[in-house]
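Number of protein chains: 2
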Amino acid sequence: MLELRLVQGSLLKKVMEAIKELVTDANFDCSASGFSLQAMDSSHVALVALLLRSEGFEHYRCDRNISMGMNLNNMSKMLKCAGNDDIITIKADDGSDTVTFMFESPSQDKISDFEMKLMDIDSEHLGIPEAEYHAIVRMPSSEFARICKDLSSIGDTVVISVTKEGVKFSTRGDIGTANIVCMQNTTVDKPEEATVIEMNEPVSLTFALRYMNSFTKATPLSNTVTISLSNELPVVVEYKIAEMGYVRFYLAPKIEEDEDETKPQV
Amino acid sequence: MLELRLVQGSLLKKVMEAIKELVTDANFDCSASGFSLQAMDSSHVALVALLLRSEGFEHYRCDRNISMGMNLNNMSKMLKCAGNDDIITIKADDGSDTVTFMFESPSQDKISDFEMKLMDIDSEHLGIPEAEYHAIVRMPSSEFARICKDLSSIGDTVVISVTKEGVKFSTRGDIGTANIVCMQNTTVDKPEEATVIEMNEPVSLTFALRYMNSFTKATPLSNTVTISLSNELPVVVEYKIAEMGYVRFYLAPKIEEDEDETKPQV
DNA sequence: CTATTGAAAA
DNA sequence: TTTTCAATAG
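These protein sequence lines are chains W and Y, in that order.
Note that the first sequence covers residues 1 to 266 in full-length UniProt numbering.
Note that the second sequence covers residues 1 to 266 in full-length UniProt numbering.
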């Protein structure tokens, strides 16, 4: 028996919007500690990891660990039927091959329930090692989204270079080149507007903008984004979910000087 | 000679937006009592009835009953040229085959007139008997629109079931099932937010969501919608037009247990 | 927060 | 053309 009651239902709606472009089918794993997901994108290049800790739910009951395979597009369709300030409850009976989403309007006079078939999905759960990163950049998520969008109108890849002073995003395309530098800046009115750089070693890595732009679909989840970089490691683009957890995206760097379109593997 | 002056011109614009998706050509009938229309939708499944009583016009002159055939798309194009707080006057000379729409800006410094050709349209004017309905639901029009939109992302038809406690909207599709229950609720701050159920007998009827969604184009006309249901009778979805009349939509229920796509007749 | 509108992208 | 995104108004 599984019953998870989330007062701020809009969070779950935003999570779905954030990941459904990248991942079409995935297993949601429920345990006593929380509700999580880990999945490769359909071209097996990027990895998405979601965690919603049990403490963030108003009510959290998960008698035994279960893994529920869902089509994220269908799940998203149903979640779109929830109002933005509805309370969402996810329910599944033991052994059932369906999951039920229940939506309660704030005034409690409208109650909806949507039942969806579960699916069997093979998935290797990758252990993601905690790594030390050469550089960690925290910046406003909207600014990062704007940069990725702007650069993708010029080129296909972005070189992210971090120095103590700032982070530089560069691209190159048929029509020219572009460089956007964000200086470290901690003297802003609101902490979420700061650009903060923690750096042990300078790094410069190249990524496909197509994936970066998919990651920025998570922008509504958080005012800030954290980008963790190391040479030879996948970048981690993390959006924290207040009081509950995170959505993290992993993407392997392209090997520099490699001008063709070979797909890197995570 | 016909001359109808409507101070709140936006009403007429909204009426056109409400019905032009369903009806392409129709006769507008003018008499001393008012300006009305009755027409089947192009697939002859739903019926639209409009009434604007003469008392709602600032000036109403209609020397003799006339029926003016108009293409609603063209009429809508012209009405879109009126500002939302323009005063609209509809004029037609006896025996003329055109109608003129005149728009006066509130400040009276801009006066437009648009002349449109009338057309000959055959139409049987159906007498719609006043019926006793088993159940009448009044609810916020925006909520009804939201429900029809949400359900149509899951299935093609909606089952509307009314009990004393509330009204349930259900659908079923490839990806799962959905049920939305709205409780009777008369204890709200504003009367237009109430959900009120008058029921003599429980009813449960099935309708095509495609038509329901067309009906909800009338949502801007009124804060509330009234849904009148009886077994074996077409449902009536009514949007009242303040001080003037109504737009009513009629749609025959699908015969239950009928899984194929036969079109019901009104 | 929702709804509408206009602009931009697929 | 259809769909989606962003922005603004209520």
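All residues carry an ideal CB built from backbone N, CA and C; glycine is no exception.
Just so it is clear, the structure is predicted and the values come from calculations on it, not from any experiment.
{"Asked": "Take residue 267(Y) as the anchor and find which of Arg138(Y), His44(Y) and Ser54(Y) has the nearest alpha-carbon.", "Found": "Coverage of chain Y is limited to positions 1 through 266, which leaves residue 267(Y) absent and any answer about it impossible."}
{"Asked": "Near serine 152(W), which residues of its chain fall below 7 Å by C-beta distance, leaving aside the five closest residues on each side in sequence?", "Found": "Leu209 and Asn213"}
{"Asked": "What whole-angstrom Cβ distance do alanine 39(W) and valine 23(W) have, given they're in contact under 8 Å?", "Found": "5 Å"}
{"Asked": "State the Cα-Cα distance for the pair serine 96(Y) and alanine 194(Y), rounded to the nearest angstrom.", "Found": "47 Å"}
{"Asked": "Of the choices Cys81(Y), Met119(Y) and Tyr133(Y), whose alpha-carbon is the least far from that of aspartate 113(Y)?", "Found": "Cys81(Y)"}
{"Asked": "At what residues does the alpha helix (DSSP H) containing alanine 252(W) begin and finish?", "Found": "Alanine 252(W) -> no alpha helix (DSSP H), and no H or E assigned at all."}
{"Asked": "Measuring only the C-alpha atoms, how far is isoleucine 241(Y) from methionine 183(Y)?", "Found": "25 Å"}
{"Asked": "Chain W partners of threonine 177(Y), CB-CB under 8 Å?", "Found": "Phe114 and Glu115"}
{"Asked": "Going along the chain, which residues of the region 137-159 of chain Y sit with their C-beta nearer than 9 Å to a C-beta in chain W?", "Found": "Glu143, Arg146, Ile147, Lys149, Asp150, Leu151, Ser153 and Ile154"}
{"Asked": "Which residues does DSSP pair with lysine 117(W) in a beta bridge?", "Found": "Thr98(W)"}
{"Asked": "Given a cut-off of 8 Å, decide if isoleucine 136(W) and glutamate 198(W) are closer than it, judged by their beta-carbon atoms.", "Found": "yes"}
{"Asked": "According to DSSP, which residues form a beta bridge with aspartate 122(Y)?", "Found": "Aspartate 122(Y) is not bridged to any residue."}
{"Asked": "List the residues of chain Y whose Cβ lies closer than 8 Å to the Cβ of lysine 77(W), in chain order.", "Found": "Ser153, Ile154 and Ile175"}
{"Asked": "Mind reading off the beta-carbon distance from leucine 72(W) to aspartate 120(W)? Whole number of angstroms is fine, and I expect it under 8 Å.", "Found": "With 8 Å as the limit, leucine 72(W) and aspartate 120(W) do not qualify as a contact, their Cβ atoms being about 15 Å apart."}
{"Asked": "With distances taken between CB atoms, is the gap from glycine 173(Y) to leucine 118(Y) smaller than 8 Å?", "Found": "no"}
{"Asked": "Indicate whether at least one CB of chain W lies closer than 8 Å to the CB of isoleucine 227(Y).", "Found": "no"}
{"Asked": "Rounded to a whole number of angstroms, what is the C-alpha to C-alpha distance between threonine 187(W) and threonine 216(W)?", "Found": "25 Å"}
{"Asked": "Taking the alpha-carbon positions, what's the lysine 254(Y) to serine 228(Y) distance?", "Found": "16 Å"}
{"Asked": "If serine 36(W) sits next to leucine 51(W), beta carbons under 8 Å apart, how far is it from one beta carbon to the other, in whole angstroms?", "Found": "5 Å"}
{"Asked": "Determine the direct distance from the alpha carbon of alanine 131(W) to that of alanine 46(W), and round the result to whole angstroms.", "Found": "17 Å"}
{"Asked": "What's the gap between the Cα of phenylalanine 101(Y) and the Cα of lysine 91(Y)?", "Found": "6 Å"}
{"Asked": "DSSP state of glutamate 17(Y), grouped into three classes?", "Found": "helix"}
{"Asked": "Under DSSP, the alpha helix (DSSP H) around tyrosine 211(Y) begins and ends at which residues?", "Found": "209-215"}
{"Asked": "Do you know whose CA, among Val48(Y), Asn27(Y) and Gln8(Y), lies nearest isoleucine 19(Y)'s CA?", "Found": "Val48(Y)"}
{"Asked": "Would DSSP call arginine 64(W) helix, strand or coil?", "Found": "coil"}
{"Asked": "With a cut-off of 8 Å, does the C-beta of glutamate 197(W) fall near any C-beta of chain Y?", "Found": "Rather than glutamate, the amino acid found at residue 197(W) in this sequence is isoleucine. No, its Cβ sits nowhere closer than 8 Å to a Cβ of chain Y."}
{"Asked": "Between which two residues does the beta strand (DSSP E) harbouring isoleucine 180(Y) extend?", "Found": "176-183"}
{"Asked": "With a threshold of 16 other CB atoms inside 10 Å of the CB of serine 230(Y), please say whether the residue is buried or exposed.", "Found": "buried"}
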